[in-house]
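My numbering runs 5 ahead of the 1-based position in the sequence shown.
This report refers to the structure that appears directly beneath it.
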Amino acid sequence: MKKTIIAVFILLFSLQSCKESDKKKDSAPVNKEISDLSIYNLPSKWTTQDGKDIELKSLKGNVLVMVMIYTSCKAACPRLVADMRDIESKLNKSTKQHVKLILVSIDPKTDTPKKLKDFAIANKMNQDPWLFLRSSEENTREFAAVLAVNYKQISPIDFSHSNIISVFNPDGELIFQQEGLGVNNDKTITTINQEAEKI
């Protein structure tokens, strides 16, 4: 009888040890150091469409799909938004919870949080995984340089800009870019799903 009790305790201890080991494995990525190539090194502050101030590093642990637009744009931006929606519609249901689809304004003077909110609601993008961000002109320029996005104000209400959708891994490192409007997005989808499956 004593031998049976001892055997049960040993088994329970072994199972507990396995659980602790699994917990350590699960928590390891959280403590992973940010690489020099990560956007999470940027100290800039950003404001969401809900008026919440955040730093980019608060998004760590998600696959980020980002595009730079401005809400008063009538030419390329609606097509970029359509491309982002198409990407969202093709993501695996099992991985979508680990993805953030982010639209960053290149016109922070005009695109107030309220303007971004109205745009999000009008386009049915005011819920996860969608997020709209704005910051100062200086921070916006800095971030655009990271994405290799060029933009220039050509009139009081219009900008010329690059049409690039960028994908970042959970550590904030740029891993893929889709350039152009209405282009084939198969590789973009595959890249996002593969990265999200690792989380």
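In this text, a Cβ means the ideal position worked out from N, Cα and C, and glycines have one as well.
May I ask you to list the residues that DSSP assigns as paired with residue i?
i: histidine 166; result: Tyr156
i: methionine 73; result: Val109
i: valine 104; result: Val68
i: leucine 61; result: DSSP lists no partner for leucine 61.
i: serine 43; result: Glu178
i: glutamine 183; result: Ile170
i: threonine 145; result: The partner list for threonine 145 (beta bridge, DSSP) is empty, contrary to what the question assumes.
Buried or exposed: which applies to residue i, given that a residue is buried once 16 or more other Cβ atoms fall within 10 Å of its Cβ?
i: serine 116; result: Serine is not the amino acid found at residue 116; the sequence shown has aspartate there. The residue in question, aspartate 116, is buried, as its Cβ has 16 or more Cβ neighbours within 10 Å.
i: lysine 192; result: exposed
i: glutamine 21; result: Residue placement at glutamine 21 is poorly supported in this model, since its pLDDT is 47, which falls under 50; the coordinates still yield a value, given next. With fewer than 16 other Cβ atoms within 10 Å, it is exposed.
i: isoleucine 111; result: buried
i: valine 72; result: buried
i: isoleucine 162; result: exposed
i: alanine 150; result: exposed
i: glutamine 183; result: buried
i: aspartate 55; result: exposed
How big is the Cα-Cα spacing for residue i and residue j?
i: aspartate 27; j: asparagine 67; result: Model confidence at aspartate 27 stands at a pLDDT of 45, short of 50, so the residue's coordinates are unreliable; what they give is reported in the following sentence. In a straight line, the C-alpha of aspartate 27 is about 21 Å away from that of asparagine 67.
i: lysine 114; j: serine 141; result: 8 Å
i: glutamate 147; j: valine 86; result: 22 Å
i: lysine 50; j: lysine 98; result: 31 Å
i: valine 172; j: leucine 69; result: 6 Å
i: threonine 53; j: valine 109; result: 9 Å
i: asparagine 46; j: alanine 201; result: 21 Å
i: isoleucine 180; j: serine 43; result: 11 Å
i: lysine 65; j: lysine 79; result: 32 Å
i: alanine 81; j: aspartate 123; result: 19 Å
i: alanine 127; j: glycine 187; result: 21 Å
i: serine 165; j: glycine 185; result: 14 Å
i: alanine 92; j: isoleucine 107; result: Note that residue 92 is isoleucine in the sequence shown here, rather than alanine. Roughly 12 Å separates the two Cα atoms.
i: lysine 105; j: serine 160; result: 32 Å
i: histidine 103; j: aspartate 176; result: 13 Å
For residue i, decide whether its Cβ has a neighbour in chain D, counting only Cβ atoms nearer than 8 Å.
i: alanine 150; result: The chain labelled as chain D is not found in the depicted structure, where only one protein chain is given.
Requested in this report: Count the CB pairs spanning the segment 148-163 and the segment 120-135 that are closer than 8 Å, and state whether there are at least three.
Outcome: no
Report task. Determine contact between the segment 184-199 and the segment 48-63, defined as no fewer than three beta-carbon pairs at a distance below 8 Å. Result -> no
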